[in-house]
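Here the sequence shown stands for residues 11 to 105, where the numbers follow the numbering used here. Note that beta-carbon positions come from the ideal geometry of N, C-alpha and C, so glycine has one too. Below is one structure, written out as structure tokens; comments come after it.
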Amino acid sequence: MACPKCVAQMLPVHRFGVEIDQCTGCGGIFLDRGELEVLAQAEANFYGSGPQPAPPQQYSAQPQQYMPPQHYPQQRGGFLGGLFGGGYHGRYEHH
């Protein structure tokens, strides 16, 4: 088989159970359909076969207990009472 780039002779090379074609002239590597996927799977198996990382350490401290919020006494004058000092008495009422 001739190299599609430089027309030199291609030689079959076996890597990880896959036969790939390598050019004797330019050194290019050419893969047939499906060979890239097989090489990628072989690489994943190679790197994935190492020791598994240790599981994360469990946090054993008890969560901090918070006091419930204290309720403030209701002031007379409604919602806007604190803004105007003496309470809100309506739109036109005066003290």
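query                                                                                                   : result
Pick helix, strand or coil for Val23, following the three-state DSSP scheme.                            : strand
Between Glu47 and chain C, is the shortest Cβ-Cβ distance under 8 Å, so that the two count as touching? : Of the protein chains in the structure, only one exists, and it is not chain C.
Mapping DSSP to helix, strand and coil, what is Lys15?                                                  : coil
Which one of Gln67, Gly27 and Gly38 has the shortest CA to CA distance from Glu45?                      : Gly27
Going by DSSP in three states, Gln32 sits in which element: helix, strand or coil?                      : strand
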